[in-house]
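2 protein chains.
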Amino acid sequence: MKFTKATNYALHTMLYLAKEGAKQQPIGVQQLADHQQVSPTYLSKILTKLVKEGLITSSSGANGGYKLRNGWQQLSFFDIIQAIEGKASIFECSLHDEPACIVKRVMEKAEEQMEQELRQTTIASLLEGKSSE
Amino acid sequence: MKFTKATNYALHTMLYLAKEGAKQQPIGVQQLADHQQVSPTYLSKILTKLVKEGLITSSSGANGGYKLRNGWQQLSFFDIIQAIEGKASIFECSLHDEPACIVKRVMEKAEEQMEQELRQTTIASLLEGKSSE
DNA sequence: CAATCATAGACTTTACGTATCTATGATAGC
DNA sequence: GCTATCATAGATACGTAAAGTCTATGATTG
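Chains A and B supply the protein sequences, listed in that same order. For the first sequence, the residue numbers in our numbering are 1 to 133. For the second sequence, the residue numbers in our numbering are 1001 to 1133.
What follows is the structure in structure tokens.
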């Protein structure tokens, strides 16, 4: 579970889709990009990942765009982040011949605590609370 | 709380110092570097940070080197990592005018869970358990 | 068929961690 | 005091991955 700006864009996009396009028409990249002030081409790559991982769906052609998949209410922060960043751990031991590095074990446990929190938080749950973004 | 290879080196070094040099003579960079197969000059920078943050002490001249500070038994993973990486959060919102970004709040809470685990883990506690490294 | 939209690959740029080199300064022992 | 041993510090180079751009292709609507 690591983090980049792409993670950030993905999370904000998902939240935006949940608010603006839950049941309605799909939303195009342009609009999504405008909202976050990112270049559309760059955001496209991120969106494509989300499509491939099945978190959102896309439709080509006029009036096309992106919308959340069915059952998006179950999607957690963890799901979104993992779709973008993969499953790599935040920490890798630098020692060569240390398959059972004790430092790594500690870090993994700590990381697991963080991930658990992210698994519990859904975008749907955020919409119920205050919506500053 | 972010992580780099430097974090890794620092943690392993601290663990090594705790095992080999708790009360005895200081240990030189060369030996510490050999143990991890890192260049001494690079490790030096990391060690200097640890000195400045007060986690270890250094002594120049012949038979000089590094040893853990007094009261090292209290030092946690969190202390060590923060000494190297600073206090910067793992996540920064990319939106410009969003002082109270809800995404960031979620991430901070998750990060806090991880940090709490790291605060609880001391190098001393690891020495009591099995010592694969 | 033409406009609108997503997809994809190659490519460039930027940023930062990683690492090296070299010089300087402090201490211990002879 | 001299010398060897050790830490400290700054400048510099290197490598890699994220960040972002450009251009071409393919699908759908009207």
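Glycine included, C-beta positions come from ideal geometry on N, C-alpha and C. As the structure is a prediction and not an experimental result, all values here were calculated from the model.
Chain-order list of residues whose beta-carbon lies under 6 Å from that of residue i (same chain, five-residue window excluded)
{"i": "B:Lys1087", "result": "none"}
{"i": "B:Leu1015", "result": "Ile1123"}
{"i": "A:Gln73", "result": "Ala124"}
{"i": "A:Thr4", "result": "none"}
{"i": "A:Gly21", "result": "Ile27 and Lys67"}
{"i": "B:Pro1040", "result": "Val1029, Gln1030 and Ala1033"}
CB contact check: residue i to chain A, cutoff 8 Å
{"i": "B:Ser1094", "result": "yes"}
{"i": "B:Gln1113", "result": "yes"}
{"i": "B:Ile1192", "result": "Residue numbering for chain B in the displayed model covers 1001 to 1133; residue 1192 of chain B lies beyond these limits and cannot be assessed."}
{"i": "B:Tyr1009", "result": "yes"}
{"i": "B:Lys1049", "result": "no"}
{"i": "B:Thr1121", "result": "yes"}
{"i": "B:Gln1073", "result": "no"}
{"i": "B:Leu1126", "result": "yes"}
Other residues of its chain near residue i: CB distance less than 8 Å, five sequence neighbours each side excluded
{"i": "A:Glu111", "result": "Met1, Ser89, Ile90 and Phe91"}
{"i": "B:Leu1043", "result": "Tyr1009, Thr1013, Val1029, Leu1032, Ala1033 and Gln1036"}
{"i": "A:Gly64", "result": "Pro26, Gly28 and Ser58"}
Within-8 Å CB hit, residue i to chain B
{"i": "A:Gln24", "result": "no"}
{"i": "A:Ala110", "result": "yes"}
{"i": "A:Tyr16", "result": "no"}
{"i": "A:Leu118", "result": "yes"}
{"i": "A:Ile90", "result": "yes"}
{"i": "A:Leu55", "result": "no"}
{"i": "A:Val29", "result": "no"}
{"i": "A:Lys5", "result": "yes"}
{"i": "A:Ile102", "result": "yes"}
{"i": "A:Gln82", "result": "no"}
{"i": "A:Leu68", "result": "no"}
Option nearest residue i by Cα separation, candidates the options
{"i": "A:Asn70", "options": "A:Ala62, A:Ile80, A:Asn63 and A:Thr57", "result": "A:Thr57"}
{"i": "A:Ile80", "options": "A:Ala100, A:Thr41 and A:Gln120", "result": "A:Gln120"}
{"i": "A:Lys49", "options": "A:Leu126, A:Lys109, A:Val106 and A:Ile84", "result": "A:Ile84"}
{"i": "A:Ser60", "options": "A:Gln25, A:Glu53 and A:Ser76", "result": "A:Gln25"}
{"i": "A:Gln116", "options": "A:Ile102, A:Ala100, A:Glu128 and A:Phe77", "result": "A:Phe77"}
{"i": "B:Val1038", "options": "A:Val103, A:Ala6 and A:Leu95", "result": "A:Leu95"}
{"i": "B:Glu1128", "options": "A:Leu118, A:Leu11, A:Ile102 and A:Lys109", "result": "A:Ile102"}
Whole-angstrom C-beta distance between residue j and residue i, which should lie under 8 Å
{"i": "B:Leu1126", "j": "B:Tyr1066", "result": "Not quite, the Cβ-Cβ distance comes to about 19 Å (not below 8 Å), so this is no contact."}
{"i": "B:Gln1082", "j": "A:Gln113", "result": "That pair is no contact at about 17 Å."}
{"i": "B:Lys1109", "j": "B:Cys1093", "result": "No, B:Lys1109 and B:Cys1093 are not in contact; Cβ-Cβ is about 14 Å, not under 8 Å."}
{"i": "B:Leu1075", "j": "B:Leu1055", "result": "6 Å"}
Heavy atom of the ligand GDP within 7 Å of residue i beta-carbon
{"i": "B:Glu1111", "result": "Absent from the structure shown: the ligand GDP. Ligands present: none."}
Next item on the list: List in chain order: all unbroken alpha helix (DSSP H) runs of 4+ residues lying wholly within the region 12-55 of chain A.
Entry: 29-36 and 40-52
Notebook entry, point to check: Whole alpha helix (DSSP H) runs in the region 1084-1123 of chain B with 4 or more residues, listed along the chain?
Noted result: 1102-1120
Checklist line | Ranges of the beta strand (DSSP E) found wholly within the region 1052-1081 of chain B, counting only runs of at least 3 | finding: 1056-1059 and 1065-1068
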